[in-house]
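**Q**
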Amino acid sequence: MTAPRFQRRPAVARLLAGRRDLLVVSGLGAPTYDVAAAGDHDRNFYLWGAMGSAALVGLGLALAQPKTPVLVVTGDGEMLMGLGGLATVALCNPGNLSIVVLDNGLYGETGGQESHTSGPTDLPAVARGCGIADTRTVTSEAELAALATRLHAIGNGTLFARIPIDPAPLPRILPPRDGVYLKNRMRSALGLSPL
Amino acid sequence: MAGTSRVDALGWPAAIHAALKKHDVRQVAYVPDGGHTELLQRVHADPAMTPVLLTSEQEGVGVLMGAWLGGQRGVLVMQSSGVGNCVNMLSLVRLCQLPFLALVTMRGEWGEFNPWQVPMGSATAQALQLMGIQVQRAETPGEVGAAMQAACSMAFEGGTPMAVLLAQRLIGAKEFLK
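The following block contains the structure:
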């Protein structure tokens, strides 16, 4: 493996640094721990299940809050389970939605079995084929910084970025997992009542 | 009854659209079905509603979760076979107490030519109920508007997850043979 690989926690912390109105949805498994490790926040919604739904939760949120940037942080395994959702996202193409896949090529939560991205599958190519125009693989700190700047703003369409990461497992950082609490906490941060 | 005759004149898809508008449903996530044709035309023509075309029905549960997080009500529109695709995703509905509404056209239960529709069609209501969704059925055109109004009230004012099944007898069996 010659391609550069990022350390996942500093990379996610870099994306979230200086956040203001950004809304964050994290996919189950290690990306949820990475987002939590960068600092729990009222505008974080952590998925602990519903595998394959992270990008779609981000889509519904982005459509409902078109003036607010929405970031989905998920992993290759979670994204692979919902690949069709990239076509759904691309058709709507909200400019306030960014999907970042932390790609270690592994199912880390289940014992480190290799995923399809350790084989032939190229997630940015899938996203581009679905119709997402701005797809990237981040290969340098400068590109990571550019991604961070972009995802806190509103663009012309949805962004899809793959960040190759070091596959080494890290200690779990466990954020709240009460779905009702997490739901109402984000709604409250947006000035919305529980029901 | 005057209200009933007006709905009959417009047709039951119009009654569904009216109920969704009355309850301020803004995102309509769907996989197309023949029985939903007129409703989906009305949704696409309505600037207050955002149609979200899905590749598979389970995506819609995620979309509606996100919509509600962001302050919009949504509905998932699909055929009975799609309910089977949704089962694990309905965990979101229970865990997060998501005000959830699904609108399901039934296949495999009345004059069905295609036997491949029968296994899921015969298990649709039970699959929803297993995941904690309350199920209502509309058997005739005149029942649709009231069923939708009742389901919208329970879902969006009470927070009870709801599904309205539109009977195949109501929609009409699909014609395969000419």
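Chain order of the listed sequences is A and B. The numbering of the first sequence is the working numbering, which starts it at 1 and goes up by one. The numbering of the second sequence is the working numbering, which starts it at 1001 and goes up by one. Glycine residues also receive a C-beta, built at the ideal position from the N, C-alpha and C atoms.
#1: Please classify Ala125(A) as buried or exposed, where buried requires at least 16 neighbouring CB atoms within 10 angstroms.
#2: Check the C-beta distance from Phe1100(B) over to Ala1173(B) and give it rounded, since I have them as a contact under 8 Å.
#3: Use the C-beta contact count for Trp1116(B): other C-beta atoms within 10 angstroms, 16 or more gives buried, fewer gives exposed.
#4: From Ala1002(B) to Ala1138(B), what does the alpha carbon distance come to, in whole angstroms?
#5: Per DSSP, which residues does Ala1015(B) bridge with? Please list them.
#6: So is Lys183(A) buried or exposed if we call it buried at 16+ other beta carbons inside 10 Å?
#7: Of all the options Ala50(A), Gly108(A), Leu83(A) and Pro94(A), which has the alpha carbon lying nearest to the alpha carbon of Asn1088(B)?
#8: Work out the CA separation of Gly1060(B) and Tyr107(A) for me, nearest whole Å.
#9: Starting from the Cα of Ile154(A), find the closest Cα among Arg185(A), Phe6(A) and Asp21(A) and give me that residue.
#10: Buried or exposed for Asn156(A), going by 16 or more other Cβ atoms inside 10 Å?
#11: For Asp1033(B), count neighbouring Cβ atoms within 10 angstroms of its own Cβ and tell me buried if that reaches 16, exposed if not.
#12: Are the segment 139-149 of chain A and the segment 71-79 of chain A in contact at 8 Å, needing three or more beta carbon pairs?
#13: Could you name the residues of the segment 1055-1068 of chain B whose beta carbon sits closer than 9 Å to any beta carbon of chain A, in the order they occur along the chain?
#14: So what does DSSP say about Ser53(A), is it helix, strand or coil?
#15: Quick one: which chain A residues come within Cβ less than 7 Å of Thr1050(B)?
#16: Does any CB atom of chain B fall closer than 9 Å to the CB of Val25(A)?
**A** Inspection of the coordinates gives the following:
#1: Taking the first sequence and counting its residues from 1, one reaches residue 125(A) at position 125. With fewer than 16 other Cβ atoms within 10 Å, it is exposed.
#2: Here residue 1100(B) is taken as the residue at index 100 of the second sequence, counted from 1. Here residue 1173(B) is taken as the residue at index 173 of the second sequence, counted from 1. By a beta-carbon distance limit of 8 Å, Phe1100(B) does not contact Ala1173(B). Their separation comes to about 29 Å.
#3: If you number the second sequence from 1, residue 1116(B) lands on position 116. Around the CB of Trp1116(B), fewer than 16 other CB atoms lie within 10 Å, so the residue is classed as exposed.
#4: The residue given as residue 1002(B) occupies position 2 in the second sequence. The residue given as residue 1138(B) occupies position 138 in the second sequence. Only weak support exists for where Ala1002(B) lies, its pLDDT of 44 falling under 50; the value from the coordinates is given anyway. Their Cα atoms are separated by approximately 20 Å.
#5: As a working note, residue 1015(B) is residue 15 in the second sequence. In the DSSP output, where bridge partners are listed per residue, Ala1015(B) has none listed.
#6: Start at 1 with the first residue of the first sequence, and residue 183(A) comes out as number 183. Buried, by the Cβ-count rule.
#7: Within the second sequence, the letter at position 88 stands for residue 1088(B). Comparing Cα-Cα distances from Asn1088(B) to each of Ala50(A), Gly108(A), Leu83(A) and Pro94(A), the minimum goes to Ala50(A).
#8: Numbered from its first residue, the first sequence carries residue 107(A) at position 107. Numbered from its first residue, the second sequence carries residue 1060(B) at position 60. For Tyr107(A) and Gly1060(B), the distance between alpha carbons rounds to 25 Å.
#9: Taking the first residue of the first sequence as position 1, residue 154(A) is located at position 154. Among Arg185(A), Phe6(A) and Asp21(A), the Cα nearest to that of Ile154(A) is on Asp21(A).
#10: Counting from 1 along the first sequence, the entry for residue 156(A) is found at position 156. With fewer than 16 other Cβ atoms within 10 Å, it is exposed.
#11: The count along the second sequence starts at 1 and reaches residue 1033(B) at position 33. Looking at its Cβ environment, which holds 16 or more other Cβ atoms inside 10 Å, Asp1033(B) is buried.
#12: Contact between the segment 139-149 of chain A and the segment 71-79 of chain A is absent: fewer than 3 CB-CB pairs across the two stretches fall below 8 Å.
#13: Answer in chain order: Thr1055, Ser1056, Gln1058, Glu1059, Gly1060, Val1061, Gly1062, Val1063, Leu1064, Met1065, Gly1066, Ala1067 and Trp1068.
#14: Position 53 of the first sequence, counted from the start, is the residue given in the question as residue 53(A). In the structure shown, Ser53(A) adopts coil according to DSSP, grouped into three states.
#15: To locate residue 1050(B), count along the second sequence from 1; it is residue 50. The answer, in chain order, is Leu63.
#16: Here the question's residue 25(A) lines up with position 25 in the first sequence. Yes, its Cβ sits closer than 9 Å to a Cβ of chain B.
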